[in-house]
Amino acid sequence: MKKNVRIFLLLLLGVLPVFSATSLEQDKPLELLFIGSSYFNFNDLPHMFQTLTLFSGHPVHVSEQITNGLFLADHAASASTEEKINSRRWDYVILQGSASRTAYPDYYKDKPAFKALTLLKKKILNNCDSTKIIFCMPWAFEDGMTWVKGWTDDYTDMQLEIYKNTLIWSKKLDILIAPVGWAWNTVLEEKDFPLHYLHKSDWNHPTVRGSYLTACVIYSTIFKSPVVYPWFSTLDEEDAKYYQEVASNTVLENLVLWNVVDFIDAIDETFQTPTRFQLYQNYPNPFNHNTRIHYTVSNPSHIKIEIINTSGQSVAVLADRFHEKGEYFKSFNAGELATGIYLCRTSGPNVQQTIQMLYVK
């Protein structure tokens, strides 16, 4: 069935929002290009994303340059990929990288991901300097690297390496992150890591659940809004709404962390709708030794601000006192702490917020 016939039937059945000719003319579709491999091809991720946007009322035009088995380095060297990049003035180009090349760039030196991202960024911006580039944070293999002789890194170990390098590369290249791998991590933790739940039985490609969650993360990254629309692919409604919620929360609670909005823009936007308490993403992040913690207090109360390592141990207390209404800044010096992920956690009467920070020596 042709795509326009399928959409017409959905409109006829009343399951798609109806737009007037005027509104369609006024809302120019966003031009999106997906570049990747079989991880995008499985379950037709670009079409899944486009269908999600149809139900949200966001018009998009989706194109793809997807070939099974290709790494980003192959795309960066490909004449056909460059031709595709130059074929339109894209609003967004979404890049799907390799889990192994992102997690362990010093081990997998062939087809390096960071070099490929650098070259692809140059080609994309040479074509249109207003294009926004999104790097989809990969998800770790279901068995991590334990399938390689001598390696002990499991799924969680590998995902933390992917998280760390994705943040570093995003800041160096000033590109956006769609935190797909981090949303997968949340779901798998909350579901107690069931085998072949988001991963297929090959331990790495996505099930329909995994692709749907990925599409929802990309949606929230682009539109900076939650996914709340009644299209669930082949999933149960309850499951699909859960993935929508995880995707939305993963993206929207950390827009600065994922480089989707600038630190100052985030502060300005939040001040327009003040809340009782707000903990902002630390800046800079990732950081080298020093970073700044910013928070606002609308109702006077006793608040504790502490830094927690991934083992749950408190490594620093920045404040533990009564706060008057106002805006506060605290500096944190990581000193001799080990490179890695740390949490800044706030606690007090009806106040509990946490942000993730990445310290790199």
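Each residue of the sequence shown is one higher than the one before, starting from 34 at the first, in the numbering used here.
All C-beta atoms in this analysis are idealised placements derived from N, C-alpha and C, irrespective of residue type, glycine included.
Touching by the beta-carbon criterion (3+ pairs, under 8 Å), the stretch 69-78 and the stretch 232-244: The answer is yes - the stretch 232-244 touches the stretch 69-78, with three or more Cβ pairs under 8 Å.
Residue 234 versus residue 315 - alpha carbon distance: Between the alpha carbons of residue 234 and residue 315 lies a distance of about 39 Å.
So, under 8 Å CB-CB, residue 335 and residue 355 are touching, yes? Tell me the CB distance rounded to an integer number of Å. Indeed, because the Cβ distance is near 5 Å, the residues count as touching under 8 Å.
Give the single residue among 171, 62, 377 and 331 whose Cα lies nearest to the Cα of residue 366. Ranked by Cα distance from residue 366, the options 171, 62, 377 and 331 are led by 377.
Taking 6 Å as the limit between beta carbons, can you name the residues of its chain near residue 97, skipping five residues before and five after? Same-chain partners within the cutoff: 67 and 79.
Residue nearest to residue 176 in terms of C-alpha spacing, selected from 131, 232 and 211: Nearest to residue 176 by C-alpha distance, out of 131, 232 and 211, is 232.
DSSP three-state label for residue 232, please. Residue state, collapsed to three classes: strand.
Three-way DSSP call (helix, strand, coil) for residue 377 in this model: Of the three classes helix, strand and coil, the one that applies to residue 377 here is strand, per DSSP.
Which residues does DSSP pair with residue 347 in a beta bridge? DSSP links residue 347 through a beta bridge to 341.
Comparing alpha-carbon positions, which option in 72, 86 and 91 lies nearest residue 128? Closest by C-alpha distance to residue 128, out of 72, 86 and 91, is 72.
On the DSSP letters alone, give me the boundaries of the beta strand (DSSP E) that residue 133 sits inside. Unbroken run through residue 133 is the alpha helix (DSSP H), 132-136; no beta strand (DSSP E).
Alpha carbon to alpha carbon, how far is residue 357 from residue 351? Give it in angstroms, no decimals. Rounded to whole angstroms, residue 351 to residue 357 spans 16 Å at the Cα level.
Kindly indicate which residue of 368, 198, 214 and 85 has the alpha-carbon position closest to the one of residue 262. By alpha-carbon distance to residue 262, the top candidate from 368, 198, 214 and 85 is 85.
Suppose you measure from the CA of residue 133 to the CA of residue 212; what does that come to, to the nearest Å? For the pair residue 133 and residue 212, the Cα-to-Cα distance works out to about 16 Å.
Take the Cβ of residue 277 as the centre, count every other Cβ of all protein chains shown within 10 Å, and call the residue buried at 16 or more, exposed below. In this structure residue 277 is buried. Its beta-carbon is surrounded by 16 or more other beta-carbon atoms within 10 angstroms.
Proximity of residue 196 and residue 165 at Cβ, strictly below 8 Å: No, these two residues do not count as a Cβ contact at 8 Å.
Return the chain-ordered ranges of every alpha helix (DSSP H) run that is complete within the stretch 251-290 and spans a minimum of 4 residues. Secondary structure in the stretch 251-290: the alpha helix (DSSP H) runs of 4 residues or longer, each lying completely within the stretch, are 270-285 in chain order.
Using DSSP bridges, identify the partner residues of residue 334. Residue 334 pairs with 356.
Straight-line CA distance for residue 155 to residue 147? Rounded to the nearest angstrom, the two C-alpha atoms are 13 Å apart.
Give the DSSP-derived three-state secondary structure of residue 178 in the structure shown. Correct three-state label for residue 178: coil.
Cβ distance (whole Å) where residue 192 is taken to contact residue 216 below 8 Å: With a Cβ gap of about 11 Å, residue 192 and residue 216 do not count as contacting.
Other residues of its chain near residue 359: CB distance less than 8 Å, five sequence neighbours each side excluded: Within the same chain, residue 359 has close Cβ partners 329 and 330.
Between which two residues does the alpha helix (DSSP H) holding residue 147 run? Segment 146-160, the alpha helix (DSSP H) holding residue 147.
Can you list, in chain order, the residues of its chain with a C-beta nearer than 7 Å to that of residue 100? Leave out the 5 residues immediately preceding and following it. Answer for residue 100: 70, listed in chain order.
Going along the chain, which unbroken runs of the beta strand (DSSP E) with 3 or more residues stay wholly within the stretch 101-133? 125-129, all fully within the stretch 101-133.
At least three beta-carbon pairs within less than 8 Å, the stretch 100-117 to the stretch 249-268: Short answer: they don't touch.
Could you please give me the residues that DSSP links to residue 292 through a beta bridge? Answer by DSSP bridge pairing: none, since residue 292 is not bridged.
Contact the stretch 384-393 vs the stretch 282-291: 3+ CB pairs below 8 Å: Yes, the stretch 384-393 is in contact with the stretch 282-291.
Taking only the alpha-carbon atoms, compute the straight-line gap between residue 364 and residue 324 and give it to the nearest angstrom. For residue 364 and residue 324, the distance between alpha carbons rounds to 6 Å.
Which first and last residues belong to the alpha helix (DSSP H) in which residue 141 is found? First-last for residue 141: undefined, no H or E at that position.
So, at 6 Å on beta carbons, what are the nonlocal neighbours of residue 65 in its own chain, with the 5 sequence-adjacent residues on each side left out? Cβ within range, chain order: 93, 95 and 125.
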